[in-house]
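Visitor:
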Amino acid sequence: MHAMRLTPIMQADLQHTAPPITIEVAAGEQESFVLSYDAEGEFVLTPDKRSCKVPNRLAAIWSVPVTGGRGWYLVTPHDSIGINSISPLLPVARLEPGDLLWMGNRFWFVSLLSQPEVMDAPAELRDKLCPVCGSELGLVQVVQCSCGRWMHLERPDDPEAVDALNCFLAAATCGGCGRQTSLEAVLIPAVPERMTAALDDDWMDGIDPPAEAVEEPAA
Ligand SMILES: [Zn+2]
Ligand SMILES: [Zn+2]
Numbered sequence: 138m139h140a141m142r143l144t145p146i147m148q149a150d151l152q153h154t155a156p157p158i159t160i161e162v163a164a165g166e167q168e169s170f171v172l173s174y175d176a177e178g179e180f181v182l183t184p185d186k187r188s189c190k191v192p193n194r195l196a197a198i199w200s201v202p203v204t205g206g207r208g209w210y211l212v213t214p215h216d217s218i219g220i221n222s223i224s225p226l227l228p229v230a231r232l233e234p235g236d237l238l239w240m241g242n243r244f245w246f247v248s249l250l251s252q253p254e255v256m257d258a259p260a261e262l263r264d265k266l267c268p269v270c271g272s273e274l275g276l277v278q279v280v281q282c283s284c285g286r287w288m289h290l291e292r293p294d295d296p297e298a299v300d301a302l303n304c305f306l307a308a309a310t311c312g313g314c315g316r317q318t319s320l321e322a323v324l325i326p327a328v329p330e331r332m333t334a335a336l337d338d339d340w341m342d343g344i345d346p347p348a349e350a351v352e353e354p355a356a
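The numbers in this note's numbering rise by one with no breaks, and the one at position 215 of the sequence shown is 352.
1. Is Val269 near ligand 1, with its Cβ less than 7 Å from a heavy atom?
2. For Phe180, list the residues DSSP reports as bridge partners.
3. Kindly list the residues whose CB is nearer than 6 Å to the CB of Ala308, restricted to its own chain and excluding five residues on each side of it in sequence; keep chain order.
4. With hydrogens ignored, establish whether the beta-carbon of His289 is closer than 7 Å to any heavy atom of ligand 1.
5. Does DSSP put Gly271 in a helix, in a strand, or in coil?
6. Using three-state DSSP, classify Thr159 as helix, strand or coil.
7. Could you tell me whether the Cβ atoms of Phe170 and Pro157 are closer together than 8 Å?
8. Which first and last residues belong to the beta strand (DSSP E) in which Met288 is found?
9. Specify the secondary structure class of Thr310 as computed by DSSP and reduced to three states.
10. Would Asp246 and Ile146 qualify as a contact pair, given that the criterion is a beta-carbon distance under 8 Å?
11. With contact counted as at least three CB pairs below 8 Å, one residue from each stretch, are the region 321-329 and the region 244-260 in contact?
Rendered as structure tokens:
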């Protein structure tokens, strides 16, 4: 699965928590989406079909296959939309995992949602070697870590099977990126927990105010 996840962060009022936005794309496809808002003011993402006009368009998000992964781009003419601290954007800006996307006073944390998929080894990889056991990848089914490394996974339903080439799960952590090997979907990077809490008086705990603000008034 290839997907980008926009997780709302720093929401002033958790009673009205906006849901995360997941942008899922098919492997190898170039796709584009329109970000707009509905009558309740919630942001909605819809596939960009030129034939049907989306009202209240704010931005487009493009997803394009590039060597070794996928490039994500934000296209918008609005100066109330930005990435990290930058606005107005150029007509097109690259969206990277870990970025903060904002529109007005709303913020999202940008992650990739990665879920390893068990499959037959792609033709060009069949005679390449598994980095865990050293035998050819084409022998059994394989899985790709989010870092790009391919490993055997013969029996995902029986990870403990001693007679199976379950290299991916047997390795516990990936030798390429060090992440725990798992078939669960994970966010890369994970959203810092503090950012998903409501903005309240404690939000800046542990951060001292600027020196001027704590100076004693002159006698
Ligand atoms: Zn192997
Ligand atoms: Zn890895």
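No residue lacks a Cβ here, since even glycine has one placed at the ideal position from N, Cα and C.
These numbers come from a predicted model, not from an experiment.
Guide: In short, the structure shows the following:
1. Counting from 1 along the sequence shown, the entry for residue 269 is found at position 132. Taking the Cβ of Val269 as the reference point, at least one heavy atom of ligand 1 falls within a distance shorter than 7 Å.
2. Looking up residue 180 in the sequence shown gives position 43. Paired residues: Tyr174.
3. Counting from 1 along the sequence shown, the entry for residue 308 is found at position 171. Cβ within range, chain order: Val269, Thr318.
4. As a position in the sequence shown, residue 289 is number 152, starting the count at 1. It does: the Cβ of His289 is within 7 Å (strictly closer) of some heavy atom of ligand 1.
5. Looking up residue 271 in the sequence shown gives position 134. Collapsing the DSSP output to three states places Gly271 in coil.
6. Mapped onto the sequence shown, residue 159 falls at position 22. Thr159: strand per DSSP, three-state reduction.
7. Counted from its first residue, the sequence shown places residue 170 at position 33. Counted from its first residue, the sequence shown places residue 157 at position 20. No, the Cβ-Cβ distance between Phe170 and Pro157 is not below 8 Å.
8. By one-based count along the sequence shown, residue 288 stands at place 151. That run of the beta strand (DSSP E) goes 287-289.
9. Translated into positions along the sequence shown, residue 310 becomes position 173. DSSP, reduced to helix, strand and coil, places Thr310 within a strand of the structure shown.
10. As a working note, residue 246 is residue 109 in the sequence shown. As a working note, residue 146 is residue 9 in the sequence shown. Note that residue 246 is Phe in the sequence shown, not Asp. Against a cut-off of 8 Å, the Cβ pair of Ile146 and Phe246 comes out as a contact.
11. A contact exists between the region 321-329 and the region 244-260.
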